[in-house]
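As structure tokens, the structure follows; a few thoughts come after it.
And the structure:
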């Protein structure tokens, strides 16, 4: 096991305290984002687990950079927080699925695990809202909304395409799929359902899609908590047409691959492959039609949404044939 550290920089430990809640932050070469998020997560942890009379939650930073680049900033910030509140571990194996599995391992003695991305900051009562819904319902998973905040205003084409538009639902709504960018897990139920993140999806994305679909498929309940908001800080590098279209392609590609993985028999895999190919082809044709209509009418929304639909369709069609688009591949 890689070295772990208390917030005070003290001796290594072998795990977190039994019971309680762990907030897991998956870090990869975003020191400025970690510097912003970690103090706010520390405040959430101090007040979030069991109310003001209960024990604090703890914050676990999983550094997925082979160079361990997050260590200095985490050590520095952890020293400003109560001892034991923050822990750092280094997971050098490439891929976000490996980092997610490391979080499951490190939090094994705890009751609840909450995932949040390193480029997100929580709203004021984020953790308390997630915990409240889980404890009142016994859900295996609770999911909260992600709201984007931009480094600069996106161009009208990106806005019109709805590339950063995310769902909002009534609290208590049941889900069948979710991402890990704002996700609480009941670890006893995760173990009972024999769930881990599939590391074959580590560099392509989609391991969280597969994990949450398996959770529901195996009988777990996943609920929406609309009050538990986190804010996603979108950098300028992601506010380009190329980036948003590649993300749409990857999303479609992952959806097709997850469908194949969930198919339990050769016949089911054939059906899943055919369905992804058919759905992807329809999206390609529909997207091309909208793009053409936008060119004729001058509608920015039609052009942007047509490109978005076509990119997702291309990803689905390619995934049906086994192509893997590795969005997170490393040099």
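Residue numbers (this note's numbering): 1 to 331.
Ideal placement from N, C-alpha and C gives every residue a C-beta, glycine not left out.
What residue range is occupied by the uninterrupted alpha helix (DSSP H) comprising residue i?
| i | result |
| --- | --- |
| residue 210 | 207-217 |
| residue 296 | 266-297 |
| residue 56 | Careful: residue 56 lies outside any alpha helix (DSSP H) and carries neither H nor E. |
| residue 161 | 156-161 |
| residue 300 | 300-320 |
Using the DSSP secondary-structure output, state which residues sit across from residue i in a beta bridge.
| i | result |
| --- | --- |
| residue 243 | In the DSSP output, where bridge partners are listed per residue, residue 243 has none listed. |
| residue 224 | 143 |
| residue 186 | 112 |
| residue 26 | 62, 117 |
| residue 21 | 112 |
| residue 254 | None, per the DSSP bridge assignment. |
| residue 343 | For the chain, the structure presents residues 1 to 331; residue 343 sits outside this window and is missing. |
| residue 233 | 149 |
| residue 354 | What is shown of the chain runs 1 to 331, which leaves residue 354 out entirely. |
| residue 174 | 223 |
| residue 122 | 230 |
Quick check on residue i - is its C-beta less than 8 Å from some C-beta in chain D?
| i | result |
| --- | --- |
| residue 40 | Checking the listed chains, one finds no chain D in this structure; it contains a single protein chain. |
Kindly indicate which residue of the options has the alpha-carbon position closest to the one of residue i.
| i | options | result |
| --- | --- | --- |
| residue 259 | 251, 272, 65 | 272 |
| residue 290 | 280, 306, 74, 127 | 306 |
| residue 174 | 89, 129, 125, 142 | 142 |
| residue 122 | 44, 226, 212 | 44 |
| residue 68 | 27, 96, 187, 101 | 27 |
| residue 102 | 118, 60, 124 | 60 |
| residue 214 | 228, 194, 201, 199 | 194 |
| residue 391 | 172, 236, 191, 73 | What the structure shows of the chain is the stretch from 1 to 331, and residue 391 is not part of that stretch, so it cannot be assessed. |
| residue 124 | 228, 94, 111, 315 | 228 |
| residue 309 | 303, 297, 301, 283 | 283 |
| residue 172 | 153, 202, 135 | 135 |
| residue 279 | 263, 318, 71, 57 | 318 |
| residue 83 | 287, 137, 46 | 46 |
| residue 120 | 35, 56, 249, 196 | 35 |
| residue 62 | 201, 39, 158, 96 | 96 |
| residue 316 | 249, 270, 266 | 249 |
| residue 127 | 314, 237, 277, 22 | 22 |
| residue 19 | 58, 110, 57, 33 | 110 |
| residue 201 | 100, 285, 140, 265 | 100 |
Provide the residue span of the beta strand (DSSP E) that contains residue i, from first to last.
| i | result |
| --- | --- |
| residue 114 | 112-117 |
| residue 200 | Neither: residue 200 is in no beta strand (DSSP E) and is coded neither H nor E. |
Three or more C-beta pairs below 8 Å linking the stretch 168-186 and the stretch 317-326: Output reads no: the stretch 317-326 does not touch the stretch 168-186.
Residue ranges of each beta strand (DSSP E) within the stretch 64-114, 3 or longer: Listed in chain order, they are 86-90.
Stretch pair the stretch 148-159 + the stretch 230-244: three plus CB contacts closer than 8 Å: Yes, they touch.
Any 3 or more C-beta pairs closer than 8 Å across the stretch 202-216 and the stretch 249-258: A contact between stretches requires three or more CB pairs, one per stretch, nearer than 8 Å, and the stretch 202-216 meets this requirement with the stretch 249-258.
The stretch 86-100 / the stretch 71-78 touching (three or more Cβ pairs under 8 Å): Between the stretch 86-100 and the stretch 71-78, the count of Cβ pairs shorter than 8 Å is three or higher; the stretches touch.
Three CB pairs or more closer than 8 Å across the stretch 240-251 and the stretch 212-231: The stretch 240-251, when compared against the stretch 212-231, does not touch it at the 8 Å Cβ threshold.
Stretch-stretch touch, CB-based, cutoff 8 Å, three pairs: the stretch 126-134 with the stretch 153-166: Result no; under three Cβ-Cβ pairs closer than 8 Å.
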